[in-house]
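Below is one structure, written out as structure tokens; comments come after it.
Chains as they are written, first to last, in our numbering: chain A, 23 to 207; chain B, 15 to 138.
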């Protein structure tokens with residue numbers, strides 16, 4: 023079956039019609055699944071966890087699609103859901119491990135070298151461990167800016183934080199990564 | 015700071031993660047199968063006054079724009095008409111009788127000039 027070209031406005035219109043909403047949502051999944059997956063994966067590190075969260079993200083979006091009136095962009099809406107789902111998951115995992123919610127997420131990257139779906143070299147592993155020491159929001163900001171190369175304005179819409187604060191957060195993240203590399207040479 | 019940029023530049027954007035082979039292929043179909051049935055409520059979005067009048071405002075603005083363009087075009091392409099108009103105005107001002115002048119002081123001044131121009135009495 024030939025895939026139709028993705029047209030966001032058209033997709034949003036079809037999402038709001040009973041007879042076309044399922045097919046339109048299929049196009050949304052097709053268009054956003056990879057970028058959302060990688061975004062989630064960089065937060066939770068583990069493939070199986072990322073896969074579960076990605077499915078939950080789409081399920082949540084689907085059950086709330088009626089409330090999405092197209093005022094924001096679909097990507098913004100989906101990113102918000104994905105980030106909330108990821109943070110909820112990480113917090114749940116912290117509670118299970120008896121770790122304080124205020125502590126950083128470095129426990130997530132602790133066994134990264136043993137992960138069968140991680141094939142990075144030593145430097146990549148070190149960078150992931152450095153990123154995991156960042157506070158949760160700073161880590162998300164760093165990932166969105168560095169890996170997704172997202173504009174600060176778009177990040178501001180997703181995270182509900184001013185552009186200035188996001189720039190400062192990214193700058194602090196870079197500083198911390200630098201000092202992690204200095205201290206772990 | 016320089017060292018940090020060097021590290022990030024060396025590493026590039028690859029975080030070192032991978033996915034099981036063929037993970038993304040067929041993900042959409044599998045995901046669609048998991049979606050429950052939902053009912054879409056057909057709620058009409060309330061239309062604001064601005065949205066209703068906007069086409070008429072745009073149309074009016076367009077007509078004003080076209081009118082201004084035509085007027086400017088005429089002025090630019092027909093300077094002789096302007097000159098003729100200016101000459102006609104000038105002529106009408108020159109042809110205007112003095113008695114119709116609105117400023118009475120002008121009339122008084124003209125009378126005094128006429129009196130002074132009369133021939134002086136001849137001395138014997």
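We treat Cβ as the ideally placed atom computed from N, Cα and C, and that holds for glycine.
DSSP-derived helix/strand/coil call for residue i
i	result
residue 47 of chain A	helix
residue 140 of chain A	strand
residue 31 of chain B	strand
residue 51 of chain B	coil
residue 190 of chain A	helix
residue 96 of chain B	helix
residue 39 of chain B	coil
residue 27 of chain A	coil
residue 73 of chain A	helix
residue 94 of chain A	coil
residue 41 of chain A	coil
residue 79 of chain A	helix
residue 173 of chain A	coil
residue 201 of chain A	helix
residue 85 of chain A	helix
residue 206 of chain A	coil
residue 19 of chain A	Summary: the structure shown does not reach residue 19 of chain A, with chain A confined to residues 23 through 207, and so no result is reported for it.
residue 35 of chain A	helix
residue 79 of chain B	helix
residue 178 of chain A	helix
residue 109 of chain B	helix
Member of the options whose CA lies at the smallest distance from the CA of residue i
i	options	result
residue 200 of chain A	A/149, A/185, A/173, A/191	A/149
residue 134 of chain A	A/196, A/79, A/189, A/67	A/67
residue 48 of chain B	A/206, A/76, A/99, A/173	A/76
residue 100 of chain A	A/181, A/203, A/192	A/181
residue 194 of chain A	A/81, A/31, A/167, A/61	A/167
residue 70 of chain A	A/92, A/139, A/190, A/127	A/139
residue 52 of chain B	A/136, A/54, A/41	A/41
residue 165 of chain A	A/63, A/54, A/47, A/175	A/63
residue 142 of chain A	B/29, B/22, B/24, B/21	B/29
residue 130 of chain A	A/175, A/115, A/123, A/120	A/115
residue 39 of chain B	A/51, A/191, A/78	A/51
residue 55 of chain B	A/98, A/39, A/196	A/39
residue 170 of chain A	A/123, A/128, A/107, A/97	A/97
residue 57 of chain A	A/152, A/81, A/105	A/105
residue 190 of chain A	A/161, A/111, A/59, A/80	A/161
residue 109 of chain A	A/55, A/94, A/126	A/126
residue 179 of chain A	A/94, A/123, A/112	A/94
residue 29 of chain A	A/53, A/176, A/89	A/53
residue 47 of chain A	A/72, A/65, A/60, A/82	A/82
residue 84 of chain A	B/25, B/33, B/77, B/46	B/46
residue 152 of chain A	A/27, A/207, A/34	A/207
residue 91 of chain A	A/144, A/37, A/172, A/74	A/37
residue 113 of chain A	A/45, A/86, A/27, A/157	A/157
residue 186 of chain A	A/89, A/88, A/163, A/78	A/163
residue 34 of chain B	A/26, A/35, A/65, A/73	A/73
Beta-carbon neighbours of residue i, restricted to chain A and to distances below 9 Å
i	result
residue 24 of chain B	145
Beta-carbon neighbours of residue i, restricted to chain B and to distances below 8 Å
i	result
residue 85 of chain A	50, 52
residue 51 of chain A	41, 42, 45, 46
residue 47 of chain A	46, 49
residue 44 of chain A	46, 49
Closer than 8 Å at the beta carbon, the chain A residues around residue i
i	result
residue 30 of chain B	140, 141, 142, 143, 146, 147, 150
Cross-chain neighbours of residue i in chain A, by beta carbon under 7 Å
i	result
residue 38 of chain B	55, 56
Amino acids of chain B, ordered along the chain, whose beta-carbon sits closer than 7 Å to that of residue i
i	result
residue 169 of chain A	27, 29
residue 38 of chain A	54
residue 120 of chain A	Within 7 Å Cβ-Cβ: nothing; residue 120 of chain A doesn't reach chain B, min ~27 Å.
Listed by chain order, chain B residues near residue i by CB distance under 9 Å
i	result
residue 88 of chain A	52, 53, 54, 55, 57
Any non-hydrogen atom of the ligand SAH within 8 Å of residue i CB
i	result
residue 95 of chain B	This structure lacks the ligand SAH; in fact it carries no ligand of any kind.
Give the residues from the segment 128-161 of chain A that approach chain B closer than 8 Å (Cβ to any Cβ), ordered along the chain.
Those residues of the segment 128-161 of chain A that come within reach of chain B (Cβ to Cβ, closer than 8 Å) are 139, 140, 141, 142, 143, 145, 146, 147, 149, 150.
Interface positions of the segment 97-115 of chain A facing chain B (Cβ-Cβ less than 7 Å), listed along the chain:
Nothing from the segment 97-115 of chain A brings a Cβ to less than 7 Å from some Cβ of chain B.
Alpha helix (DSSP H) segments (min. 4 residues) lying fully within the segment 98-171 of chain A:
Listed in chain order, they are 144-154, 158-164.
At a CB distance below 9 Å, what residues from the segment 63-83 of chain A approach chain B? Give them in sequence order.
Those would be 63, 64, 67, 69, 72, 73, 76, 77, 80, 81, in chain order.
Residues in the segment 182-200 of chain A with C-beta within 7 Å of chain B's C-beta atoms, listed in sequence order?
Residues 196, 199, 200.
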